[in-house]
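>
In UniProt numbering, the protein residues as written are 1 to 100.
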């Protein structure tokens, strides 16, 4: 199973979202430099390393922005430890305005 699919399944199970989009944005970061195993490496934009999570869930009602981000980061901690380099999170509760 892909990292993206694993993340989608975890988010669905934990938050029962009304809307969910897990977007692989790795290709947008081609050419960026990062350190890998103590050596500087050039990222070619392939794989599953950079994601954007757009989620609308009743779970987020009454939660502040930081609390929402922490909840998603904690849920996806294994993926972050296993090679997801960047995770942009856009959480909202039902009825809240989103940019997407």
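We put the CB at the ideal spot given by N, CA and C, even for glycine. Since this is a predicted model, take the numbers as computed values, not measurements.
Can you have a look at residue 66 and say buried or exposed, based on whether 16 or more other CB atoms are within 10 angstroms of its CB?
Exposed, by the Cβ-count rule.
> With DSSP as the reference, label residue 84 as helix, strand or coil.
Residue 84: coil per DSSP, three-state reduction.
> Between residue 3 and residue 48, which are expected to be in contact by the criterion C-beta below 8 Å, what is the C-beta distance as a whole number of angstroms?
About 4 Å separates the two Cβ atoms, so the contact holds.
> With residue 61 and residue 93 assumed to form a contact (beta carbons below 8 Å), what rounded beta-carbon distance in angstroms separates them?
About 4 Å; that satisfies the 8 Å criterion.
> Which residue marks the beginning of the beta strand (DSSP E) containing residue 19, and which one marks its end?
Unbroken beta strand (DSSP E) run through residue 19: 19-24.
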